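Q:
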Amino acid sequence: MPSLQEQIKEYEQEINAFAPANAAELEEYRIRFLGTKGIVKQVFGEMKTVPAEQRKEAGQLLNGLKQLAEAKYDTYKDMQAGATAKGPVADYTLPGTPIATGTRHPLRVIENKITSLFEKIGFSVATGPEIEDDWHNFTSLNMPQDHPARDMQDTFYVATNPDWVLRTHTSSTQARVMETQPLPIRVICPGRVYRNETISARAHCFFHQCEGLYIDKNVSFADLKQTLYYFVTEMFGENTKVRFRPSYFPFTEPSAEMDISCTVCGGSGCNLCKHSGWVEILGCGMVHPNMLRNFGIDPEVYTGFAFGMGVERITQIKYQVNDLRLYSQNDVRFLRQFQGID
Ligand code: DAH
Numbered sequence: 542m543p544s545l546q547e548q549i550k551e552y553e554q555e556i557n558a559f560a561p562a563n564a565a566e567l568e569e570y571r572i573r574f575l576g577t578k579g580i581v582k583q584v585f586g587e588m589k590t591v592p593a594e595q596r597k598e599a600g601q602l603l604n605g606l607k608q609l610a611e612a613k614y615d616t617y618k619d620m621q622a623g624a625t626a627k628g629p630v631a632d633y634t635l636p637g638t639p640i641a642t643g644t645r646h647p648l649r650v651i652e653n654k655i656t657s658l659f660e661k662i663g664f665s666v667a668t669g670p671e672i673e674d675d676w677h678n679f680t681s682l683n684m685p686q687d688h689p690a691r692d693m694q695d696t697f698y699v700a701t702n703p704d705w706v707l708r709t710h711t712s713s714t715q716a717r718v719m720e721t722q723p724l725p726i727r728v729i730c731p732g733r734v735y736r737n738e739t740i741s742a743r744a745h746c747f748f749h750q751c752e753g754l755y756i757d758k759n760v761s762f763a764d765l766k767q768t769l770y771y772f773v774t775e776m777f778g779e780n781t782k783v784r785f786r787p788s789y790f791p792f793t794e795p796s797a798e799m800d801i802s803c804t805v806c807g808g809s810g811c812n813l814c815k816h817s818g819w820v821e822i823l824g825c826g827m828v829h830p831n832m833l834r835n836f837g838i839d840p841e842v843y844t845g846f847a848f849g850m851g852v853e854r855i856t857q858i859k860y861q862v863n864d865l866r867l868y869s870q871n872d873v874r875f876l877r878q879f880q881g882i883d
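So this is what it looks like as structure tokens:
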């Protein structure tokens, strides 16, 4: 008769060689080794025949067998009933499943870039609500009820309250900052804005703007130009040229629009600049005295400049995205192109 040690060794070999092809074979194995009348129990039962001085050693051997039998069973126990497997259910030596890295949305990338460029020169970020009242979106910005400039923007009104609108521009945040913050003021205000436009490649019912506002004693148009020139060269490269064209906004006087030399064709003419060599990127001007007065700021003592730019526009120029709809369709083929950019 083989000794207990020899028997255990044989069982261990059997266990090591065992690889179930299906759940039924695994169950058979479980009953044979780990069942209530199984081998492990049986061998433990034989302990009483082992002489006292050999018990310790035999006990260790037995425990080893038990652990081996259980470990083997654990490896396969997830096997679905009826399923077949050629090897262990999980192969822990395989490389892991790669976790896809997300991308920042291009608009967020550009918005962050804009705000951080202005933060570098002493502006702080301010935000305001997207549902705005008439005062902050229009009236305080020198656009009273009957002002024709209200027609420049097709407004969404909140049905339940005629005084509320979805803000049509981030200039409403300017108003809120002037209302609450002590002078001097130097803020950059990013945010989403809404207009009742038919959605197409060139227009959308929501988009994003970044507004800048600087109010202090002795702020001049030259400060405005220099600040924007700094922004343009940092954003688009130092060879980029700027030009200012006179324009009209109710909340600034004088007002201007700023163009930059086309960064795509370098001025020779392309689709982006409509063969003019110049691309408009923002509106700006000196804060209108009426607007200062609306917030109790004395225009004889303080002056200020303001500007507002479209984030989609800057992004379009930077990355040549020529359809506004792409920004909100969440098509991963579009978004993936911005992987690694932050
Ligand atoms: N609010 C204007 C718009 O949405 C942009 C703008 C123009 C903002 C001139 C300004 C500004 O602060 O000074 O078209």
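In short: position in the sequence shown from 1, add 541, done, that's our numbering.
We put the CB at the ideal spot given by N, CA and C, even for glycine.
Source: prediction; values computed, not measured.
Check whether the Cβ atoms of Lys815 and Phe785 lie closer than 9 Å to each other.
A: Position 274 of the sequence shown, counted from the start, is the residue given in the question as residue 815. Position 244 of the sequence shown, counted from the start, is the residue given in the question as residue 785. It is not a contact, given that the beta carbons lie outside the stated cut-off.
Q: Answer with buried or exposed for Pro647, where buried requires no fewer than 16 other C-beta atoms within 10 angstroms of its C-beta.
A: Here residue 647 is taken as the residue at index 106 of the sequence shown, counted from 1. Label assigned to Pro647: buried.
Q: Taking the continuous beta strand (DSSP E) assigned at Met827, which residues delimit it?
A: Position 286 of the sequence shown, counting from 1, holds the residue named residue 827. Trp819 to Val828 is the span of the beta strand (DSSP E), which, as asked, contains Met827.
Q: According to DSSP, which residues form a beta bridge with Ala599?
A: The count along the sequence shown starts at 1 and reaches residue 599 at position 58. Paired residues: none, contrary to the question.
Q: Where do the ends of the alpha helix (DSSP H) carrying Met719 lie?
A: Counting from one through the sequence shown, the residue named residue 719 turns up at place 178. First-last of the alpha helix (DSSP H) with Met719: Ser712 to Thr721.
Q: Who are the Cβ neighbours of Gly808 in its own chain at under 6 Å, not counting the five residues just before and after it?
A: The residue you call residue 808 lines up with position 267 of the sequence shown. So the qualifying residues of the chain are Ser802 and Gly818.
Q: From the DSSP secondary-structure annotation, give me the bridge partner or partners of Val705.
A: Mapped onto the sequence shown, residue 705 falls at position 164. Here residue 705 turns out to be Trp, not Val, going by the sequence shown. Per DSSP, Asp674.
Q: Mapping the DSSP letters down to three states, classify Pro636 as helix, strand or coil.
A: The count along the sequence shown starts at 1 and reaches residue 636 at position 95. It is coil, neither helix nor strand.
Q: Look up Pro731 in the DSSP assignment and give the residues it is bridged to.
A: Taking the first residue of the sequence shown as position 1, residue 731 is located at position 190. Pro731 pairs with Cys751.
Q: Hey, how far is the Cα of Val706 from the Cα of Ser713?
A: By one-based count along the sequence shown, residue 706 stands at place 165. By one-based count along the sequence shown, residue 713 stands at place 172. Those two C-alpha atoms are separated by around 11 Å.
Q: Could you name each continuous beta strand (DSSP E) segment of 3 residues or more that falls completely within the region 772-844, going from the start of the chain to the end?
A: Listed in chain order, they are 783-790, 793-802 and 819-828.
Q: Using three-state DSSP, classify Val584 as helix, strand or coil.
A: Stepping through the sequence shown from its first residue, residue 584 is reached at position 43. Of the three classes helix, strand and coil, the one that applies to Val584 here is helix, per DSSP.
Q: At which residues does the alpha helix (DSSP H) containing Leu682 begin and terminate?
A: As a position in the sequence shown, residue 682 is number 141, starting the count at 1. Unbroken run through Leu682: none, as it is neither H nor E.
Q: Answer yes or no: the CB of Cys825 versus the heavy atoms of ligand 1, is any distance below 8 Å?
A: Counting from 1 along the sequence shown, the entry for residue 825 is found at position 284. For ligand 1, at least one heavy atom lies less than 8 Å from the Cβ of Cys825.
Q: What separation, rounded to the nearest whole angstrom, lies between the Cα atoms of Met850 and Ser796?
A: Locating residue 850 in the sequence shown gives position 309, where the first residue counts as 1. Locating residue 796 in the sequence shown gives position 255, where the first residue counts as 1. If I take the Cα positions, the gap works out to 14 Å.
Q: Please report the distance separating the alpha-carbon of Pro685 from that of Ala716.
A: Within the sequence shown, numbered from 1, the residue matching residue 685 stands at position 144. Within the sequence shown, numbered from 1, the residue matching residue 716 stands at position 175. Cα to Cα, the separation comes out at about 14 Å.
Q: Pick helix, strand or coil for Asp692, following the three-state DSSP scheme.
A: Translated into positions along the sequence shown, residue 692 becomes position 151. Of the three classes helix, strand and coil, the one that applies to Asp692 here is helix, per DSSP.
Q: According to DSSP, what are the bridge partners of Asp757?
A: Residue numbering aside, residue 757 sits at position 216 when the sequence shown is read from its first letter. Answer by DSSP bridge pairing, in chain order: Thr844.
Q: Output yes or no for whether 9 Å exceeds the beta carbon distance between Val718 and Gly669.
A: Along the sequence shown, one-based indexing puts residue 718 at 177. Along the sequence shown, one-based indexing puts residue 669 at 128. Yes; because the gap between Cβ atoms is below 9 Å, this pair is in contact.
Q: What does Gly849 pair with, by DSSP beta-bridge criteria?
A: The sequence position of residue 849 within the sequence shown is 308, counting from 1. Partner(s): Glu752 and Gly824.
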